[in-house]
Amino acid sequence: MNAATRSATVLPARAGLGLKPEHVGEILETEPDLGFFEVHAENYMGDGGAPHRALAAIAARYPLSLHGVGLSIGADRPLDTAHLTRLRALIDQYRPQSFSEHLAWSTHEGGFLNDLLPLPYTDETLRRVASHVDQVQQALGRRMLLENPSTYILFEDSTIHEIDFLDKVATRTGCGLLLDVNNVMVSAVNHRTDPFAYIDRFPVGHVGEIHLAGYDETLDGAGDRLLIDAHGSEVSEDVSALYRHTIHRTGPLPTLIEWDNDVPALSVLLAEAARAEAVLDAARSWRADPLARRA
Amino acid sequence: MDQRAFAAALLDPSLPVPAGVTCARGEVDASRFSVYRNNVVVGLSRALGQRFPVVRRLVGDAFFDGMARAFLRASPPRSPLIFAYGDAFPDFIAGFAPAAGLPYLADTARLEAIWTRAYHAADAPPLPADRLLAIAPEQLIQVRLRPHPAAAVLRSDFAIGAIWQAHQADEVAALSVMTQESALVTRPAFDVRVHVIPAADAHFAAALFAGGTLGEAAAIAFAQDPSFDFGRALLGLASLGAFAGNPLQGDPT
Numbered sequence: 001m002n003a004a005t006r007s008a009t010v011l012p013a014r015a016g017l018g019l020k021p022e023h024v025g026e027i028l029e030t031e032p033d034l035g036f037f038e039v040h041a042e043n044y045m046g047d048g049g050a051p052h053r054a055l056a057a058i059a060a061r062y063p064l065s066l067h068g069v070g071l072s073i074g075a076d077r078p079l080d081t082a083h084l085t086r087l088r089a090l091i092d093q094y095r096p097q098s099f100s101e102h103l104a105w106s107t108h109e110g111g112f113l114n115d116l117l118p119l120p121y122t123d124e125t126l127r128r129v130a131s132h133v134d135q136v137q138q139a140l141g142r143r144m145l146l147e148n149p150s151t152y153i154l155f156e157d158s159t160i161h162e163i164d165f166l167d168k169v170a171t172r173t174g175c176g177l178l179l180d181v182n183n184v185m186v187s188a189v190n191h192r193t194d195p196f197a198y199i200d201r202f203p204v205g206h207v208g209e210i211h212l213a214g215y216d217e218t219l220d221g222a223g224d225r226l227l228i229d230a231h232g233s234e235v236s237e238d239v240s241a242l243y244r245h246t247i248h249r250t251g252p253l254p255t256l257i258e259w260d261n262d263v264p265a266l267s268v269l270l271a272e273a274a275r276a277e278a279v280l281d282a283a284r285s286w287r288a289d290p291l292a293r294r295a
Numbered sequence: 001m002d003q004r005a006f007a008a009a010l011l012d013p014s015l016p017v018p019a020g021v022t023c024a025r026g027e028v029d030a031s032r033f034s035v036y037r038n039n040v041v042v043g044l045s046r047a048l049g050q051r052f053p054v055v056r057r058l059v060g061d062a063f064f065d066g067m068a069r070a071f072l073r074a075s076p077p078r079s080p081l082i083f084a085y086g087d088a089f090p091d092f093i094a095g096f097a098p099a100a101g102l103p104y105l106a107d108t109a110r111l112e113a114i115w116t117r118a119y120h121a122a123d124a125p126p127l128p129a130d131r132l133l134a135i136a137p138e139q140l141i142q143v144r145l146r147p148h149p150a151a152a153v154l155r156s157d158f159a160i161g162a163i164w165q166a167h168q169a170d171e172v173a174a175l176s177v178m179t180q181e182s183a184l185v186t187r188p189a190f191d192v193r194v195h196v197i198p199a200a201d202a203h204f205a206a207a208l209f210a211g212g213t214l215g216e217a218a219a220i221a222f223a224q225d226p227s228f229d230f231g232r233a234l235l236g237l238a239s240l241g242a243f244a245g246n247p248l249q250g251d252p253t
């Protein structure tokens with residue numbers, strides 16, 4: 001990894017992995033050829049110790065994406081300014097190439113529910129989310145990416161399509177979007193919509209990163225397929241196909257493999273990253289030879 | 001949609017699915033809302049299991065999950081820093097009637113809570129023990145020492161160090177739990193260490209960590225055990241990484 005890559009201000013359009021503590025030693029020893037690593041910001045908000053030592057070593061060798069899971073941007077209550085201060089300190093310390101958070105909420109009366117909860121899409125929630133994103137970008141002194149959620153329910157009072165909601169937040173605030181292709185598949189199956197149509201209509205000009213992950217599958221109360229965003233297995237074949245469709249439309253984009261539960265050996269994650277990298281390689285060759293894309 | 005009602009229904013499965021929640025069929029399907037309930041409960045139980053692995057082994061997965069669920073309903077996290085969730089779990093275990101048959105369980109949890117606090121504590125070089133040797137003996141009793149950010153001491157009526165140590169191995173050897181033990185947790189560099197220390201040394205360390213002078217702390221330790229060895233205890237604690245910074249000589253007032 002050369003100095004130019006380390007000091008880059010954006011993630012490279014390559015495959016990256018979520019950093020797992022159990023893999024740090026092997027990564028530092030073998031320095032696998034990866035585009036970037038991503039970490040959950042909240043796991044590095046302790047004062048010191050092994051987590052910070054590991055992150056500093058990784059950030060010295062690879063571009064870094066900081067991914068928040070605790071900001072609760074979709075909450076109907078003010079953002080936690082102490083948490084914003086912690087995020088700012090982490091960003092100042094590690095200078096990540098990207099910071100992203102979720103279109104979701106997770107706080108209630110001073111407490112934290114530790115899940116990414118859904119919100120209805122209305123004029124009121126749009127105003128609130130846009131104002132929270134403004135506040136985050138102001139407090140962090142940088143542009144953020146906002147991620148589309150995976151959802152299991154719908155709300156009767158939703159009046160705006162999720163794609164339009166995200167597009168409007170991005171347009172109003174100048175934030176970018178993180179397109180989680182697994183979330184697109186999970187929500188589309190769960191709500192009987194077409195995931196390919198979602199990608200075709202998504203405002204891809206705002207997208208700064210893509211997430212891929214594995215889902216679990218069950219049946220709902222009426223026996224309909226219900227996909228669960230589980231992050232505990234390989235990227236499924238239908239999500240891989242949707243990813244190829246996405247990259248065909250967008251061109252190469254930084255692509256993260258998320259695998260947070262039942263974490264396998266590093267070699268398994270590297271194989272997943274290589275699968276995504278092959279799709280990105282193909283897109284790069286289309287760019288070099290536009291005629292090849294039609295084949 | 002009222003997020004307060006949504007949050008309440010997440011944590012209390014006896015409440016109905018919140019108003020306004022629907023699905024593509026245009027009907028309420030409780031199984032879909034249950035995914036969120038399950039995510040919250042499973043995620044937090046897993047976080048507690050990662051922070052309290054010895055407690056989990058002592059009681060088994062099923063018992064632990066039940067105890068964790070009871071705890072998280074009573075004390076949901078106050079902060080998004082989930083690695084710090086469960087500081088109140090040891091006290092909850094102490095009052096959790098189904099666990100009354102394992103009286104050492106709460107102290108085991110206290111040691112594990114201390115362990116993770118040490119793991120995430122600020123970095124600091126430990127005070128070298130020989131720095132203390134440079135202080136004139138007549139001045140020594142007025143000296144105060146700064147606790148290392150990762151250091152903590154735990155006194156127990158049970159063999160807390162032996163229990164913890166035995167459960168670091170895949171196969172747990174037989175051990176006697178009904179022995180009083182005191183543990184000192186330190187992290188001189190990046191590895192957290194658990195040491196069993198004499199009871200009088202633990203009283204001594206606790207008094208120093210609370211800001212007492214060496215003289216005050218020694219008096220407390222002597223009251224516990226007339227055979228308390230001041231020099232051995234002080235140099236021992238220092239060499240294990242209990243202190244940081246420079247010794248403060250004289251009375252700061």
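Just so you know, the sequences run in chain order A and B.
For what it's worth, the numbering used here labels the leading residue of the first sequence as 1, then goes sequentially.
For what it's worth, the numbering used here labels the leading residue of the second sequence as 1, then goes sequentially.
C-beta: ideal position from N, C-alpha, C; glycine also.
Rounded straight-line distance, which links the Cα of residue j to that of residue i
{"i": "F6/B", "j": "N38/B", "result": "14 Å"}
{"i": "F230/B", "j": "V177/B", "result": "28 Å"}
{"i": "G212/B", "j": "P51/A", "result": "32 Å"}
{"i": "W164/B", "j": "I197/B", "result": "14 Å"}
{"i": "F194/B", "j": "Y121/A", "result": "What sits at residue 194/B in the sequence shown is Val, not Phe. V194/B and Y121/A: Cα-Cα distance of roughly 51 Å."}
{"i": "L237/B", "j": "P226/B", "result": "19 Å"}
{"i": "F83/B", "j": "A288/A", "result": "47 Å"}
{"i": "V186/A", "j": "R73/B", "result": "29 Å"}
{"i": "L214/B", "j": "A139/A", "result": "46 Å"}
{"i": "A24/B", "j": "S34/B", "result": "16 Å"}
{"i": "S156/B", "j": "G66/B", "result": "25 Å"}
{"i": "P252/B", "j": "N246/B", "result": "Here P252/B scores only 47 on pLDDT, less than 50, and its place in the model should not be relied on; the value that follows carries that caveat. Their Cα atoms are separated by approximately 14 Å."}
{"i": "G20/B", "j": "V42/B", "result": "25 Å"}
{"i": "A122/B", "j": "R86/A", "result": "15 Å"}
{"i": "S14/B", "j": "R32/B", "result": "15 Å"}
{"i": "I141/B", "j": "V54/B", "result": "39 Å"}
{"i": "H191/A", "j": "L154/A", "result": "8 Å"}
{"i": "M1/A", "j": "L127/B", "result": "Reliability of the predicted coordinates at M1/A is poor, the pLDDT of 46 falling under 50, and the value obtained from them is presented with this limitation in mind. Going from the Cα of M1/A to the Cα of L127/B covers about 38 Å."}
{"i": "T9/A", "j": "T193/A", "result": "36 Å"}
{"i": "L178/A", "j": "L17/A", "result": "15 Å"}
{"i": "A134/B", "j": "A217/B", "result": "20 Å"}
{"i": "R244/A", "j": "Y198/A", "result": "14 Å"}
{"i": "G28/A", "j": "A169/B", "result": "First, the amino acid is wrong: residue 28/A is Leu here, not Gly. Each residue's alpha carbon lies about 27 Å from the other."}
{"i": "I58/A", "j": "L19/A", "result": "9 Å"}
{"i": "S267/A", "j": "L10/B", "result": "37 Å"}
{"i": "R275/A", "j": "I257/A", "result": "10 Å"}
{"i": "A62/B", "j": "S45/B", "result": "11 Å"}
Sub-7 Å separation of residue i and residue j beta-carbons
{"i": "A150/B", "j": "A118/B", "result": "yes"}
{"i": "E209/A", "j": "P149/A", "result": "no"}
{"i": "D29/B", "j": "G221/A", "result": "yes"}
{"i": "Y104/A", "j": "L84/A", "result": "The sequence given here places Ala at residue 104/A; Tyr does not occur at that position. No, the Cβ-Cβ distance between A104/A and L84/A is not below 7 Å."}
{"i": "L126/A", "j": "F165/A", "result": "yes"}
{"i": "L55/A", "j": "Y62/A", "result": "no"}
{"i": "G49/B", "j": "R56/B", "result": "yes"}
{"i": "A166/B", "j": "L111/B", "result": "no"}
{"i": "L270/A", "j": "P252/A", "result": "no"}
{"i": "G176/A", "j": "L145/A", "result": "yes"}
{"i": "V207/A", "j": "T173/A", "result": "no"}
{"i": "A244/B", "j": "R146/B", "result": "yes"}
{"i": "A242/B", "j": "A221/B", "result": "no"}
Option in the options with minimal Cα separation from residue i
{"i": "R88/A", "options": "D76/A, Y121/A, V136/A, L103/A", "result": "V136/A"}
{"i": "V129/A", "options": "S98/A, T171/A, V239/A, Y94/A", "result": "T171/A"}
{"i": "S131/A", "options": "Y152/A, G18/A, S72/A", "result": "S72/A"}
{"i": "A88/B", "options": "A100/B, A68/B, G215/B, P80/B", "result": "A68/B"}
{"i": "T250/A", "options": "R143/A, H231/A, P203/A, D194/A", "result": "P203/A"}
{"i": "E101/A", "options": "E147/A, G176/A, A241/A", "result": "E147/A"}
{"i": "E234/A", "options": "G214/A, V181/A, L178/A", "result": "G214/A"}
{"i": "A13/A", "options": "T193/A, R201/A, S98/A, V268/A", "result": "S98/A"}
{"i": "F64/B", "options": "L105/B, A124/B, V40/B", "result": "L105/B"}
{"i": "F196/A", "options": "A57/A, V239/A, I257/A", "result": "V239/A"}
{"i": "R51/B", "options": "F222/B, A162/B, A109/B, Q224/B", "result": "A109/B"}
{"i": "Y152/A", "options": "D229/A, D200/A, P78/A", "result": "D229/A"}
{"i": "A124/B", "options": "G161/B, Q139/B, R187/B, R131/B", "result": "R187/B"}
- Query: Mind pulling the alpha helix (DSSP H) runs of 4 or more residues that sit fully within the region 61-139 of chain A?
  - Reply: If we require 4 residues or more, the alpha helix (DSSP H) runs fully inside the region 61-139 of chain A come out as 81-94.
- Task: Return the chain-ordered ranges of every beta strand (DSSP E) run that is complete within the region 169-197 of chain A and spans a minimum of 3 residues.
- Result: Listed in chain order, the complete beta strand (DSSP E) runs (minimum 3 residues) inside the region 169-197 of chain A are 176-180.
- Query: For the region 204-224 of chain B against the region 82-102 of chain B, are there 3 or more C-beta pairs whose distance is under 8 Å?
  - Reply: No, because fewer than three Cβ pairs between the region 204-224 of chain B and the region 82-102 of chain B fall closer than 8 Å, the two stretches do not touch.
- Item | Given 8 Å, three or more beta-carbon pairs between the region 71-81 of chain B and the region 137-153 of chain B | By the C-beta criterion, the region 71-81 of chain B is judged not to be in contact with the region 137-153 of chain B, since fewer than 3 inter-stretch pairs fall below 8 Å.
- Scan the region 181-244 of chain B and note each continuous beta strand (DSSP E) run of 3 residues or more that stays entirely inside, going in chain order. Here the runs fully enclosed are 181-186, 193-197.
- Message: Quick check on the DSSP output: what are the complete beta strand (DSSP E) runs of length 3 or more inside the region 192-254 of chain A, in order along the chain?
- Response: Entirely contained in the region 192-254 of chain A, the beta strand (DSSP E) runs reaching 3 residues are, in chain order, 207-213, 215-219, 225-229.
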